[in-house]
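First comes the structure, then the notes that go with it.
4 protein chains.
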Amino acid sequence: MTKSVVKMNDVQNEIKKIATNLKNNKDEGSKKRRIIAAAEQIFAQKGFFETTISAIAKEAGVAEGTIYEYFENKKDLLYAVPEQNTIEYADFALNHLQGIKGATNKIRKIIWFQLDYFRTHRNYTKLMILEIRRGPDYFKSKAYENLKLYSDLILTIIREGIRDGEIVSDVNPYIVRDMILGTIEHISIPWLVFGREIPIDDLVEDICKVIFSGLSLKDMTF
Amino acid sequence: MTKSVVKMNDVQNEIKKIATNLKNNKDEGSKKRRIIAAAEQIFAQKGFFETTISAIAKEAGVAEGTIYEYFENKKDLLYAVPEQNTIEYADFALNHLQGIKGATNKIRKIIWFQLDYFRTHRNYTKLMILEIRRGPDYFKSKAYENLKLYSDLILTIIREGIRDGEIVSDVNPYIVRDMILGTIEHISIPWLVFGREIPIDDLVEDICKVIFSGLSLKDMTF
Amino acid sequence: MTKSVVKMNDVQNEIKKIATNLKNNKDEGSKKRRIIAAAEQIFAQKGFFETTISAIAKEAGVAEGTIYEYFENKKDLLYAVPEQNTIEYADFALNHLQGIKGATNKIRKIIWFQLDYFRTHRNYTKLMILEIRRGPDYFKSKAYENLKLYSDLILTIIREGIRDGEIVSDVNPYIVRDMILGTIEHISIPWLVFGREIPIDDLVEDICKVIFSGLSLKDMTF
Amino acid sequence: MTKSVVKMNDVQNEIKKIATNLKNNKDEGSKKRRIIAAAEQIFAQKGFFETTISAIAKEAGVAEGTIYEYFENKKDLLYAVPEQNTIEYADFALNHLQGIKGATNKIRKIIWFQLDYFRTHRNYTKLMILEIRRGPDYFKSKAYENLKLYSDLILTIIREGIRDGEIVSDVNPYIVRDMILGTIEHISIPWLVFGREIPIDDLVEDICKVIFSGLSLKDMTF
DNA sequence: GATGAATGAGTTTTCATTCAT
DNA sequence: GATGAATGAAAACTCATTCAT
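Protein chains in written order, with numbering that gives the first Met the number 0: chain A, 0 to 221; chain B, 0 to 221; chain C, 0 to 221; chain D, 0 to 221.
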């Protein structure tokens with residue numbers, strides 16, 4: 000269980016640690032990895048209930064029974080899919096943030112990064128948003144724990160921004176985080192469903208405009 | 000298909016018109032309504048695939064075959080559920096906005112209203128967020144058209160705010176709308192899944208704080 | 000639950016009551032009866048585990064799904080098979096005993112009757128001996144309750160024989176009953192398995208000879 | 000194939016010969032013996048069809064494939080289990096009968112011995128009664144041949160009793176044998192299924208009472 | 001001889017949908 | 001319009017058996 004982590008370094012270390020662990024057993028039998036890859040694809044395409052084990056087996060080039068050598072059951076396989084990606088995701092984010100100064104810049108980068116990741120990992124994203132993050136089971140999964148780390152990373156950046164006087168002090172960091180994640184997700188759904196392209200750079204600008212400056216005219220806030 | 004509507008009054012009229020239509024044939028046979036009510040409940044509780052027609056029939060107090068008198072098939076029934084609610088929802092929103100002056104106040108009201116509606120219509124909300132808004136079928140449904148009206152309503156408010164000089168002119172109204180909807184939705188998911196209570200008033204404040212004033216210190220934006 | 004019954008009349012009445020009940024709902028839908036008849040045949044032929052639901056459905060001339068309209072699952076169907084036969088069996092026995100005087104004659108009749116029933120109901124018998132009477136589930140089944148009545152009938156006959164001075168007083172009636180049943184069953188197994196014919200009359204004589212007179216020479220018992 | 004043996008000594012010799020052979024290759028690789036021991040346990044516990052090869056392999060501490068080095072298939076393994084026990088059983092019986100004079104005493108001993116063996120070898124007994132002795136395959140197995148020797152032993156004792164004038168001459172020895180075996184078996188089933196204790200001494204008395212003296216009052220047989 | 005990963009045929013069970021009444 | 005018995009296709013999962021190492 001990840002307890003609430005507040006220091007940037009703590010979050011970083013946690014992510015790095017898990018990422019390294021996962022990378023090490025990444026090649027534990029190409030079979031397992033092929034099955035997960037196939038599952039990611041088919042689950043994302045058809046949804047959990049309309050995916051058949053037989054279709055995954057075919058795509059992975061293994062027999063149906065083989066899948067049950069590696070995974071308890073269909074649900075188990077579903078939750079196994081994002082385990083790798085979620086931590087990889089957090090790790091990527093971390094790398095992208097290297098050398099960036101200031102909370103504002105970091106947040107902008109986070110927004111850009113997430114949109115970009117969604118764009119380049121459509122299957123994974125569909126799976127996460129449309130299939131996995133429903134039902135209480137998700138909140139007990141490894142994937143959730145991993146994403147929690149990423150989510151903590153954002154929280155930490157916001158808090159440090161406040162501490163350093165770069166961000167106004169009276170905002171609720173949780174809400175800011177949820178706004179960032181929620182906005183991106185909401186914007187992404189039609190893209191995911193219809194497979195349209197995402198004009199990332201414009202989006203980042205538009206989102207940051209609101210997040211940083213708000214809607215009100217300056218003199219109205221006085 | 001609803002074409003893009005931009006005038007407040009246009010949106011209002013459209014919503015009123017549909018709402019009135021629906022209200023009129025609301026009592027077209029209590030059977031149909033009982034089936035829809037049962038479907039809403041069971042679909043929300045168990046999800047689309049784990050709901051059986053037989054369970055809905057039982058809950059509605061009709062025979063299984065009867066359901067097929069009113070609905071083509073299971074999916075058809077699923078999409079029929081939100082048809083009523085979505086327009087009712089838009090209509091409610093409209094009523095709540097009556098007499099409120101200024102885009103800022105209206106937006107604040109919208110945020111409050113939506114959180115409140117989610118809270119008081121948990122089944123409907125679960126259904127919409129977790130079941131219906133996936134798969135391209137949704138975007139062809141009546142429910143989508145209805146929600147589009149609500150969504151246009153928000154857009155119009157923002158645009159009028161810009162026109163009236165109450166809202167800064169360089170924001171993208173679509174993004175603002177998506178931020179509002181996305182944030183509320185993202186915050187709501189754990190509540191929906193776990194059935195926790197929602198501290199609405201605090202949330203509205205926290206969200207509005209960011210939406211209206213942004214994160215940056217005033218003098219930093221110069 | 001049948002409590003231990005000791006009076007001949009009590010046993011008789013109990014059996015008659017249940018037999019009548021069963022006869023009444025014997026025609027409750029020919030489908031159910033056809034399924035049970037098919038199940039009896041196939042289960043007896045192949046054994047429980049090597050019987051497929053599909054084979055039973057085919058034999059019964061119904062769809063596989065139909066079987067599940069009437070029975071919870073395969074095991075449930077297995078136990079449903081002997082429910083009718085067991086009480087019918089007890090009832091037949093009762094009828095055959097009508098007008099027979101004396102415990103000795105009744106016991107002889109019981110032995111004859113049971114061998115004859117086995118001969119004429121080979122499927123039922125195979126099922127009972129080889130499939131059903133294993134596993135603790137049997138002892139909770141209706142079939143067990145019914146056979147218990149039959150078994151009580153034998154006990155009662157023995158006890159009345161003792162009471163009337165026709166049977167020696169120092170025998171354990173339970174053991175006598177088990178000897179009768181066990182002997183017949185043991186003799187029957189090869190017949191059931193190989194489908195040979197049973198020379199009933201000789202068997203009855205041979206069994207009765209031992210049961211009534213024993214192995215010892217008369218003067219040796221003094 | 001064992002042809003019908005009638006002389007006590009012949010039966011004895013046959014049993015001794017086979018018993019000695021088996022004892023010699025008893026230690027032919029501890030693997031095989033461990034597999035058989037594991038199979039006996041699991042088959043008895045779960046029944047043939049609900050036992051998995053994997054469970055036996057685990058219990059025996061070998062790999063699944065290893066089992067197929069020693070046995071053709073699952074059925075083959077099932078029938079291999081009682082091969083040892085059955086002859087051991089016959090051999091034990093023989094030893095217990097040493098020095099006992101008279102058919103009556105020998106039969107009493109046989110009854111006691113068999114009940115005792117059942118009690119102390121519950122797994123083996125469950126396996127024999129509930130799993131193996133069904134289906135025509137059994138009658139072609141080594142176990143059947145071995146038990147046939149034991150069965151012949153009983154027959155021989157009865158015949159010698161008749162010859163020596165200790166047993167009445169007009170009984171059918173086969174029936175007597177089947178009565179002994181059938182009675183004990185029938186009494187044992189509930190014990191085996193529920194794991195209750197067996198009050199052997201009382202049982203032996205009660206059974207012998209009937210077998211030797213019969214139910215009829217002495218003067219009634221004249 | 002020993003292993004155990006891989007196989008894939010085979011089975012129970014579910015359930016949306018139909019249609020005769 | 002209403003019913004609900006009947007259908008049968010479809011799918012997850014199991015496990016005896018094989019075979020390359």
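Note that CB positions come from ideal geometry on N, CA and C, so glycine has one too.
DSSP three-state assignment for residue i, whether helix, strand or coil
{"i": "residue 99/A", "result": "coil"}
{"i": "residue 3/A", "result": "At residue 3/A, the pLDDT of 49 sits below 50, so the modelled position is not reliable and the matter cannot be decided from this model."}
{"i": "residue 66/D", "result": "helix"}
{"i": "residue 140/B", "result": "coil"}
{"i": "residue 199/A", "result": "helix"}
{"i": "residue 168/D", "result": "coil"}
Within-8 Å CB hit, residue i to chain B
{"i": "residue 214/A", "result": "yes"}
{"i": "residue 55/A", "result": "no"}
{"i": "residue 211/A", "result": "yes"}
{"i": "residue 91/A", "result": "no"}
{"i": "residue 177/A", "result": "yes"}
{"i": "residue 39/A", "result": "no"}
{"i": "residue 63/A", "result": "no"}
{"i": "residue 285/A", "result": "Chain A is shown from 0 up to 221; residue 285/A falls before or after that span and cannot be answered."}
is_contact[residue i, chain D] using C-beta, thresh 8 Å
{"i": "residue 104/C", "result": "no"}
{"i": "residue 95/C", "result": "no"}
{"i": "residue 135/C", "result": "yes"}
{"i": "residue 7/C", "result": "no"}
{"i": "residue 196/C", "result": "no"}
{"i": "residue 129/C", "result": "yes"}
{"i": "residue 174/C", "result": "yes"}
Within-8 Å CB hit, residue i to chain C
{"i": "residue 203/D", "result": "no"}
{"i": "residue 145/D", "result": "no"}
{"i": "residue 101/D", "result": "no"}
{"i": "residue 180/D", "result": "yes"}
{"i": "residue 234/D", "result": "As displayed, chain D neither begins before 0 nor continues past 221, which places residue 234/D out of reach and without an answer."}
{"i": "residue 109/D", "result": "no"}
{"i": "residue 77/D", "result": "no"}
{"i": "residue 208/D", "result": "yes"}
Distance cut-off 7 Å: residue i Cβ against heavy atoms of the ligand COA
{"i": "residue 57/C", "result": "No copy of the ligand COA appears in this structure; indeed no ligand is present at all."}
Below-8 Å beta-carbon distance, residue i vs any chain A residue
{"i": "residue 171/B", "result": "yes"}
{"i": "residue 13/B", "result": "no"}
{"i": "residue 193/B", "result": "yes"}
{"i": "residue 42/B", "result": "no"}
{"i": "residue 132/B", "result": "yes"}
Where the alpha helix (DSSP H) through residue i begins and ends
{"i": "residue 72/B", "result": "Here residue 72/B belongs to no alpha helix (DSSP H), and DSSP marks it neither H nor E."}
{"i": "residue 42/A", "result": "29-45"}
{"i": "residue 124/D", "result": "121-125"}
{"i": "residue 55/B", "result": "52-59"}
### Message
Using a Cβ-Cβ cutoff of 7 Å, what residues of the stretch 154-167 of chain B are near chain A? List them in chain order.
### Response
166 and 167
### Query
What residues in the stretch 111-125 of chain B have a beta carbon less than 7 Å from any beta carbon of chain A?
none
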